[in-house]
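Okay, structure first, notes after.
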Amino acid sequence: MVNNQLLNPKSIAIIGASNDTKKPGGNMLKNILAGGFAGNLYAVNPKEERVQGIKSFSEVKEIPETDLAILAIPAKYCPETVKILAEEKNTKAFIIISAGFGEAGEQGKQWEQQIVLTVNSVDGCLIGPNCIGVITENYKGVFTAPVPQFNPKGCDLISGSGATAVFIMEAGMALGVSFVNVFSVGNAAQTGVEDILEYMDENFDAEKDPLIKLLYLETISNPQKLLKHASSLIKKGAKIAAIKAGSTTEGSRAATSHTGAIASSDMTVRALFHKAGIVYCSSREELLSVASIFNYKKLEGKNIAIITHAGGSAVMLADELSKGGLKVPEISGPDAEKLKTFLYPGSSVANPIDFLATGTAEQLGIIIDYCEHKFDNIDAMAVVFGSPGLFDVENVYNVLSVKLEICNKPIFPVLPSVVNAQREIQSFLKKGHINFPDEVVLGKALSQVFNTPEPVSEAISLPKIDIEKIRGVIDTASEGYLDAPQTQKLLDAAGIPRVMELVENSKENLLAAMDSLEFPVVMKVVGPLHKSDAKGVVLNITSKEEVSETFDRLMQIDSARAVMVQPQLAGLELFVGVMKEPGFNHTILCGLGGIFIEVLNDVSAGLSPISKNEAQQMVQSLRGYKLIQGARGREGVDENQFVEIIQRLSALAEAVPEITEMDINPLIGTWKSIVAVDARVRLR
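Rendered as structure tokens:
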């Protein structure tokens with residue numbers, strides 16, 4: 001529970017303070033002193049009378065009451081120390097930088113739990129253990145370096161890793177990214193990233209608080225809390241970017257369905273971020289590039305003008321923008337021809353606008369003015385301008401600095417000459433600007449920001465399904481895979497259209513029932529998980545004689561329990577599925593079906609419940625979307641029905657939390673209808 005004693009303490013006690021600034025307790029005190037903390041400071045060190053000029057107490061029992069205690073002592077002494085502080089010194093906020101707790105073994109876990117109980121008993125807040133500390137406007141409570149200079153317009157950083165927080169701050173400061181509050185939660189024994197985000201949301205003031213929030217997550221302990229408060233903050237005007245480390249591990253989940261084979265934890269995390277409006281980042285470099293983009297004017301359209309004197313960089317940036325769905329449109333017409341008259345011979349204005357290595361500051365200013373006022377098909381500018389070391393580029397960067405302030409269209413500066421133009425870049429950054437030293441990283445980050453949607457509305461309307469019939473199936477089913485009749489009932493109750501089928505383990509009964517189907521038919525073995533791999537799918541069966549022969553052959557396959565017969569349908573094969581990650585809502589997937597689901601891995605994912613708009617975005621984001629629309633003379637698919645099926649699957653998942661894996665593969669789609677041909681549902 002984040003409280004005022006943590007954020008704005010009137011007094012701080014450092015338990016384990018030291019005169020040796022190479023020790024955590026020593027450097028912690030040094031940073032707090034250097035940061036100008038205005039309250040009372042108490043040092044506890046039994047071996048010293050004074051620590052860095054401050055009176056030292058020999059034990060915790062001797063200090064006055066204190067709002068915040070920072071512990072830099074061995075783990076085994078922390079539980080008793082916290083107890084004394086909480087019960088005798090009215091301490092309500094604790095930062096434990098010591099290691100040796102839950103991350104170190106069972107004894108450490110017990111100490112950690114004991115501390116949490118004590119802190120909770122006084123409605124206190126615990127950061128850590130095993131963290132670097134906290135930075136706020138009021139104090140610099142970290143034992144690491146560098147300590148960023150306070151900037152009220154900077155970013156908030158919340159990190160599950162102390163070292164990573166340091167690396168992010170170091171790299172960010174070199175780019176011009178500044179910071180306000182930094183929270184390193186470490187083991188997050190009581191207070192995690194989600195809890196700090198909750199506090200920021202519930203106490204948010206858009207006029208005073210930092211609008212940019214950067215997250216580094218090693219675990220997501222409470223996905224619903226993260227979704228709720230991230231969405232709320234973004235709707236209030238904040239911007240959030242996050243890294244989730246370790247997202248590709250599938251843990252102990254035994255994936256046996258198509259869905260399980262292709263899905264990963266990363267898909268679920270991306271779906272959560274997408275729903276919340278969080279920009280997903282895969283590295284510190286990308287996180288800081290996104291933060292830098294957040295600091296500039298908002299990109300309102302897809303069309304980017306690349307202004308440069310470096311052709312290769314322009315090509316790489318154009319490629320990356322195109323990959324991300326942004327455009328570098330051609331610039332032509334009378335205004336373009338007029339612009340050329342201001343540039344040196346050989347310059348190009350077609351876009352990229354290349355005004356050569358000899359281009360001047362005056363020419364850059366003219367080009368920017370044309371993009372701002374004359375070229376209506378341009379939404380933003382990326383200026384790539386370095387130095388070959390032949391002349392001073394400070395006047396160029398001064399022009400760029402002015403244009404950044406006065407232009408309505410966003411301008412993204414790529415200043416790659418961090419050696420040749422080091423002095424000029426530093427001058428540019430001191431004016432409050434941020435540099436993107438790598439054009440490809442900028443292109444990727446710009447695409448990520450532009451393609452991240454607004455948070456999904458909390459009120460999501462799902463199609464009505466027969467929950468009573470669905471629960472009737474589920475409540476009488478055993479753990480594991482549902483059998484064919486149970487699966488059919490489930491699909492019917494969810495309103496998901498399916499193909500007519502016969503399932504029999506008696507050849508006589510099957511042949512007698514064949515009059516209800518028209519040839520040709522397809523026959524499939526029932527039992528093996530992957531029918532195609534077991535050669536358990538036979539197409540183009542046109543007579544009862546073939547049915548009889550095929551039945552015998554299929555029943556000889558290992559694990560065969562029965563044979564399924566269906567009309568053989570023609571159309572585009574589609575796929576929908578459900579996956580359950582512990583702690584998260586179900587992930588809903590869609591894509592092209594048949595064998596292509598695993599071969600092409602063209603899959604889109606969303607976190608249930610899925611709105612109609614989300615389902616449409618899922619379908620339209622597929623690489624194979626043109627096939628769904630109809631391409632090269634091939635008939636397309638009823639996209640509206642595909643969207644409805646995705647929503648109905650989401651409604652089914654909401655009604656049946658026991659589903660751990662489910663796939664309907666394939667769905668056969670035409671422009672008239674879409675029907676499920678094969679489905680598997682696994683319960684736990």
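The letter at position 435 of the sequence shown is residue 435 when you use the UniProt record's numbering, and the numbering goes up by one with no holes.
Where is the CB? At the ideal position from N, CA and C, for every residue including glycine.
Assigned secondary structure, L404 (DSSP; H/G/I helix, E/B strand, else coil):
Residue numbering aside, residue 404 sits at position 404 when the sequence shown is read from its first letter. Assignment of L404 by DSSP, reduced to helix, strand and coil, places it in the helix class.
Just to confirm the assignment, what range does the beta strand (DSSP E) spanning S56 have?
Indexing the sequence shown from 1 puts residue 56 at position 56. Note, S56: beta strand (DSSP E), 54–57.
Could you check the C-alpha separation between V51 and P64 for me, to the nearest Å?
For the purposes of this step, residue 51 is taken as residue 51 along the sequence shown, with counting starting at 1. For the purposes of this step, residue 64 is taken as residue 64 along the sequence shown, with counting starting at 1. V51 and P64: Cα-Cα distance of roughly 17 angstroms.
Considering only residues of the same chain and omitting the five flanking positions on each side of residue 710, which have a CB-CB separation below 6 angstroms?
Nothing about residue 710 can be read from this structure; the chain reaches only from 1 to 684.
Look at the alpha carbon of F183 and the alpha carbon of V2, and state the distance between them as a whole number of angstroms.
As a first step, residue 183 must be located in the sequence shown, where it is residue number 183. As a first step, residue 2 must be located in the sequence shown, where it is residue number 2. Distance between the alpha carbons of F183 and V2: 11 angstroms.
Can you grab the Cα-Cα spacing for the pair N509 / S516, in whole Å?
On the sequence shown, position 509 is the one that residue 509 refers to. On the sequence shown, position 516 is the one that residue 516 refers to. For N509 and S516, the distance between alpha carbons rounds to 12 angstroms.
Please determine if the stretch 569–582 and the stretch 590–608 are in contact, where contact requires at least 3 C-beta pairs separated by less than 8 angstroms.
yes
Looking at the strands, I want to know which residues DSSP matches up with S178.
As a working mapping, residue 178 is identified with position 178 in the sequence shown. S178 pairs with nothing; no bridge assigned.
In chain order, which beta strand (DSSP E) runs of at least 3 residues are fully inside the stretch 518–553?
521–526, 537–541
Does the ligand COA have a heavy atom nearer than 8 angstroms to the CB of L226?
Of the ligands one can find in the structure shown there are none, so the ligand COA has no counterpart to examine.
Pair every Cβ in the stretch 170–183 with every Cβ in the stretch 131–146, then say whether three or more of these pairs are closer than 8 angstroms.
Three or more pairs of CB atoms, one per stretch, sit closer than 8 angstroms, so the stretch 170–183 contacts the stretch 131–146.
Tell me which same chain residues have a C-beta within less than 7 angstroms of the C-beta of A336, skipping the five on either side of it?
Counting from 1 along the sequence shown, the entry for residue 336 is found at position 336. Once the five neighbours on either side are set aside, the close Cβ partners of A336 are V349.
The beta strand (DSSP E) spanning F150 covers which residue range?
Within the sequence shown, residue 150 is the residue found at index 150, counting from 1. Note, F150: beta strand (DSSP E), 150–159.
Quick check: the Cα distance between E320 and G480, rounded to an integer number of angstroms?
As a first step, residue 320 must be located in the sequence shown, where it is residue number 320. As a first step, residue 480 must be located in the sequence shown, where it is residue number 480. Distance between the alpha carbons of E320 and G480 is about 45 angstroms.
Which residue or residues does DSSP assign as beta-bridge partners of R623?
Residue mapping note: residue 623 aligns to position 623 of the sequence shown, counting from 1. In the DSSP output, where bridge partners are listed per residue, R623 has none listed.
Quick one, which of G591, K544, Q422 has its alpha-carbon nearest I646's?
Within the sequence shown, residue 646 is the residue found at index 646, counting from 1. The shortest C-alpha separation from I646 is found at G591.
So, for V384: in the same chain, excluding its five sequence neighbours on each side, which residues have a beta-carbon less than 8 angstroms away from its beta-carbon?
Stepping through the sequence shown from its first residue, residue 384 is reached at position 384. I306, I307, T308, H309, A310, S313, A314, L317, V414, P416, E439.
Put A318 into one of helix, strand or coil per three-state DSSP.
Translated into positions along the sequence shown, residue 318 becomes position 318. Reduced to three states, the DSSP call for A318 is helix.
Identify the continuous alpha helix (DSSP H) that holds G443 and give its terminal residues.
Position 443 of the sequence shown, counted from the first residue, corresponds to residue 443. Taken as a continuous stretch (DSSP letters only), the alpha helix (DSSP H) holding G443 covers 439–451.
Could you pull the start and end residues of the alpha helix (DSSP H) that C371 belongs to?
Locating residue 371 in the sequence shown gives position 371, counting from the first residue. Its alpha helix (DSSP H) spans residues 361–373.
Inter-stretch contact (C-beta, 8 angstroms, three-pair minimum) for the stretch 68–80 and the stretch 9–27:
yes
Go ahead and pull the three-state DSSP assignment for E504.
Position 504 of the sequence shown, counted from the start, is the residue given in the question as residue 504. The answer is strand: DSSP assigns E504 an E or B state.
Rounded C-alpha distance that separates F294 from T476:
One-based indexing of the sequence shown puts residue 294 at position 294. One-based indexing of the sequence shown puts residue 476 at position 476. Each residue's Cα considered, the two are about 52 angstroms apart.
Keeping to the same chain, check which residues put their C-beta closer than 8 angstroms to that of V643; ignore five residues upstream and five downstream.
Here residue 643 refers to the residue found at position 643 of the sequence shown. Correct list, in chain order: K612, A615, Q616, V619.
Could you tell me the alpha carbon to alpha carbon distance between Q5 and L68, rounded to whole angstroms?
Along the sequence shown, one-based indexing puts residue 5 at 5. Along the sequence shown, one-based indexing puts residue 68 at 68. If I take the Cα positions, the gap works out to 6 angstroms.
Near I278, what residues of its chain come up, given a Cβ to Cβ distance below 6 angstroms and the 5 sequence neighbours on each side ignored?
The residue labelled residue 278 in the question sits at position 278 within the sequence shown. For I278, where only same-chain residues beyond five positions count, the Cβ hits under 6 angstroms are A230, I240, A242.
Spatially closest choice to A93 from P148, K109, L490, L7, by CA coordinates
Taking the sequence shown and counting its residues from 1, the one referred to as residue 93 is at position 93. Comparing Cα-Cα distances from A93 to each of P148, K109, L490, L7, the minimum goes to L7.
Answer with buried or exposed for T587, where buried requires no fewer than 16 other C-beta atoms within 10 angstroms of its C-beta.
By 1-based counting over the sequence shown, the position of residue 587 is 587. So T587 counts as buried.
Quick one: any contact between the stretch 156–164 and the stretch 193–208, if contact means 3 or more CB pairs under 8 angstroms?
Output reads yes: the stretch 193–208 touches the stretch 156–164.
Take S650 as the anchor and find which of V119, G606, I95, P666 has the nearest alpha-carbon.
Numbered from its first residue, the sequence shown carries residue 650 at position 650. Of the listed residues, the one whose Cα sits closest to S650 is G606.
Following the continuous beta strand (DSSP E) through P24, name the residue where it begins and the one where it ends.
The residue you call residue 24 lines up with position 24 of the sequence shown. First-last for P24: 24–34, but that is the alpha helix (DSSP H), not the beta strand (DSSP E).
Alpha carbon of residue 688 to alpha carbon of V119, nearest angstrom
The chain is shown only over 1 to 684; residue 688 falls outside these bounds and no answer can be derived.
Which residues bound the alpha helix (DSSP H) around S11?
Locating residue 11 in the sequence shown gives position 11, where the first residue counts as 1. Not the alpha helix (DSSP H): S11 falls in the beta strand (DSSP E), residues 11–15.
Applying the 10 Å Cβ sphere with the 16-neighbour rule, what's the burial state of E112?
Locating residue 112 in the sequence shown gives position 112, where the first residue counts as 1. Buried: at least 16 other Cβ atoms inside 10 Å.
DSSP state of E573, grouped into three classes?
As a working note, residue 573 is residue 573 in the sequence shown. Strand.
Give me the Cα-Cα distance between E48 and E103, rounded to the nearest whole angstrom.
Counting from one through the sequence shown, the residue named residue 48 turns up at place 48. Counting from one through the sequence shown, the residue named residue 103 turns up at place 103. So the alpha carbons of these two residues sit roughly 31 angstroms apart.
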